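Going down the list, the sequences are from chains A and B. Quick note on numbering: the numbering used here labels position 66 of the first sequence as 66, and the sequence is numbered without any gaps. For any residue, its number in the numbering used here is found by taking its place in the second sequence, counting from 1, and adding 114. Every residue gets a Cβ at the ideal spot worked out from N, C-alpha and C, and that includes glycine. What you are looking at is a predicted structure, and each value in this text was computed from that prediction instead of being measured.
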Amino acid sequence: DQQVKQNSPSLSVQEGRISILNCDYTNSMFDYFLWYKKYPAEGPTFLISISSIKDKNEDGRFTVFLNKSAKHLSLHIVPSQPGDSAVYFCAAGGLTGGGNKLTFGTGTQLKVEL
Amino acid sequence: NAGVTQTPKFRILKIGQSMTLQCTQDMNHNYMYWYRQDPGMGLKLIYYSVGAGITDKGEVPNGYNVSRSTTEDFPLRLELAAPSQTSVYFCASSYARDRTGYFGPGTRLTVT
Chain A
1 DQQVKQNSPS LSVQEGRISI LNCDYTNSMF DYFLWYKKYP AEGPTFLISI SSIKDKNEDG
61 RFTVFLNKSA KHLSLHIVPS QPGDSAVYFC AAGGLTGGGN KLTFGTGTQL KVEL
Chain B
115 NAGVTQTPKF RILKIGQSMT LQCTQDMNHN YMYWYRQDPG MGLKLIYYSV GAGITDKGEV
175 PNGYNVSRST TEDFPLRLEL AAPSQTSVYF CASSYARDRT GYFGPGTRLT VT
């Protein structure tokens, strides 16, 4: 039972254009969402997060949008740069037990081409 | 700060062997976690700890054990390695009041 889904395993975008990565969730107890970026042979690194009381959060080139009614969030990267090429994981946490546990999606491989 | 460190980086085990994956964090985080990532899959939680002396099972705990005797260290023990445990293992930590997890570089384990 995949509670956090990233249906696009890969995405290719030209440098300078917008990258949009999508994530869907099924558990309505999730109240906090995060995006992580992962390079090969490294651990995931935190990128941006959003609480369920908000519908948008911006940090520089990165913006996360949350649509609670649709149980959908998206990460926008504008403008996309070659260094953004990585795997992006969506994660969710909330009132599903203690310990700030996170449930991860399967990831989307972003490739930013010159 | 070194953040979250993991050793070893790589290991090959034979079926039935045992080993301990080490994890140390120097951020004084209360919470620590072990995840595994199989090819094409997301990270699945194996065990977590909310403080020294307190551990609990995650989504996929079978075949593993953990202990948390200090705030800094959270080792993961594989007692009887099986091919299904071939994976990349990530340790992470976080503050109790901050849900952002900080990850180590991972341990790539192959069981043959």
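- Around the beta carbon of P44(A), 16 or more other beta carbons lie within 10 angstroms, which makes this residue buried.
- Around the Cβ of R182(B), a 10 Å sphere holds 16 or more other Cβ atoms; the residue is buried.
- Secondary structure at D1(A): coil, using DSSP grouped into helix, strand and coil.
- For V202(B) and A92(A), the gap between their C-alpha atoms comes out near 21 Å.
- By the Cβ-count criterion, R150(B) is buried, with 16 or more other Cβ atoms from all chains shown falling within 10 Å of its own Cβ.
- Residue pairing from DSSP places I20(A) in a beta bridge opposite H76(A).
- Nearest CB-CB separation between Q6(A) and chain B: below the 9 Å threshold.
- Your pair L190(B) and T134(B) checks out as a contact, with CB atoms roughly 7 Å apart and the cut at 8 Å.
- Close to chain B, meaning a Cβ-Cβ distance shorter than 9 Å, are the following residues of the region 23-43 of chain A: Y32, L34, Y36, K38, A41, E42 and G43.
- Proximity to T106(A) across I50(A), A70(A), I48(A) and Y36(A) peaks at Y36(A), based on C-alpha coordinates.
- Less than 9 Å divides the Cβ of A210(B) from the Cβ of V164(B).
- Ranked by how close their Cα comes to the Cα of K158(B), the residues C90(A), L110(A) and L66(A) have C90(A) in first place.
- For a Cβ distance threshold of 9 Å, residue set Q2, V4, Q6, F89, C90, A91, T103, F104, G105, T106 and G107 of chain A lies close to G156(B), ordered along the chain.
- Counting C-beta pairs with one atom in each stretch, the region 207-224 of chain B and the region 119-135 of chain B have three or more that are closer than 8 Å, which means they touch.
- Annotation: P197(B) to D55(A) spans about 43 Å, alpha carbon to alpha carbon.
- G215(B) belongs to the set of residues whose beta carbon lies under 9 Å from a beta carbon in chain A.
- According to the DSSP assignment, Y209(B) belongs to no beta strand (DSSP E), since it is labelled neither H nor E.
- Under the three-state reduction of DSSP, G83(A) is assigned to helix.
- DSSP places S201(B) within a strand segment (E or B) once states are collapsed to three.
- The shortest CA-to-CA distance from R213(B) to any of A41(A), F104(A) and F33(A) is the one to F33(A).
- For K158(B), the uninterrupted beta strand (DSSP E) run begins and ends at L157 to G165, by DSSP.
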